[in-house]
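To start, the structure itself, in C-alpha cells.
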Amino acid sequence: MVFTILSQHTSDINSSRAYRSLMETFSTLEAVASADVADIEKAIALGGLAKVKAPRIKAVLNKILELNNDELDISFLREMPLNDAKAWLRQLPGIGPKSAGIVLSFSLGMPAMAIDTHIYRVSQRLGVIGPKVTVDKAHEILEEKVEPEEVFNFHVSYINHGR
Numbered sequence: 166m167v168f169t170i171l172s173q174h175t176s177d178i179n180s181s182r183a184y185r186s187l188m189e190t191f192s193t194l195e196a197v198a199s200a201d202v203a204d205i206e207k208a209i210a211l212g213g214l215a216k217v218k219a220p221r222i223k224a225v226l227n228k229i230l231e232l233n234n235d236e237l238d239i240s241f242l243r244e245m246p247l248n249d250a251k252a253w254l255r256q257l258p259g260i261g262p263k264s265a266g267i268v269l270s271f272s273l274g275m276p277a278m279a280i281d282t283h284i285y286r287v288s289q290r291l292g293v294i295g296p297k298v299t300v301d302k303a304h305e306i307l308e309e310k311v312e313p314e315e316v317f318n319f320h321v322s323y324i325n326h327g328r
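Dropping the structure here:
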C-alpha cells in the first residue's frame, strides 16, 4: 500500500528510491505510522510530491492499524470476496479504485482491475469501453468482461501496448 502511494504520479525509479529511503530511515512501517509527517516527508522527498504523500501514508497506515486490531498485515483481504476487499481498502484515506486494484492484484494476487491512463486509453480506442465511460466505471466494466484468471495478463498487456 505504501509503495502504491509512493508510485502515484511519479516514475517507478523515483518511487522505488523513495520507498528504499523510507525504510532505511524508519526500518518498519509501524515506525512510519508513529513518525512525524515532516520526517516522513524528508525520507520520501526524492520520490516527488512528498508534501501530499507523507500525510497520506501516515493516515493510511494509522487507519489500517485502527481497523485491523493494531496490525498492518492486510493479507486477510485474500480471503474476502473481491468486492468486499475493494470496499475495505476504499475506506482508507486517498485510496481509490486504481490503488485498491493495484494492491489486490499485485500484492495479494486477486483478480482486481487497476485502470491507469494506458489501460483506459487503449480500452477506449479498441472499443472495449465507450468513449464517455469514466475511469471509475471502467474498473467495473473491465472486471466483468475479463475472466478473473486473465486480469493480470490483461493489465500488463494493455499497459505495455499503451506505452
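Residue numbers (our numbering): 166 to 328.
A virtual CB, placed ideally from N, CA and C, is assigned to each residue, including glycine.
Computed from a prediction, not measured in an experiment: that's the story for all the values here.
Going by C-alpha distance, which of the options is nearest residue i?
i: glutamine 289; options: Ser272, Leu307, Lys251; result: Leu307
i: serine 180; options: Ser192, Ala203, Leu194, Ile209; result: Ile209
i: phenylalanine 317; options: Lys216, Val293, Ala279, Ala219; result: Ala279
i: isoleucine 239; options: Leu194, Asp281, Ala215; result: Leu194
i: lysine 302; options: Ile324, Lys263, Phe319; result: Lys263
i: histidine 174; options: Ala215, Glu206, Lys207; result: Ala215
i: tyrosine 323; options: Gly295, Glu314, Asp281; result: Asp281
i: valine 225; options: Lys297, Met166, His304; result: Met166
i: lysine 310; options: Pro296, Asn325, Ser186, Gly292; result: Gly292
i: histidine 320; options: Gly266, Thr190, Met188; result: Gly266
i: asparagine 325; options: Val287, Glu314, Leu254, Thr190; result: Val287
What distance in whole Å lies between the Cβ atoms of residue j and residue i, which are believed to be in contact at a cut-off of 8 Å?
i: threonine 169; j: valine 268; result: 6 Å
i: glycine 327; j: histidine 283; result: 3 Å
i: lysine 228; j: valine 202; result: Between valine 202 and lysine 228 the Cβ distance is about 15 Å, and since that is not below 8 Å, they are no contact.
i: lysine 218; j: leucine 171; result: 6 Å
Length-filtered (4 minimum) alpha helix (DSSP H) runs lying within the region 274-314: Fully enclosed alpha helix (DSSP H) runs of 4 or longer: 282-290, 300-310.
Flag this pair as touching only if the region 192-212 and the region 253-266 have three or more C-beta atom pairs under 8 Å; answer yes or no. no
Should the region 234-253 be called in touch with the region 273-287, which here means at least 3 C-beta pairs below 8 Å? Enough Cβ pairs lie closer than 8 Å, so yes.
Length at least 4, wholly inside the region 201-273: the alpha helix (DSSP H) runs in chain order: 202-209, 215-232, 247-255, 262-267
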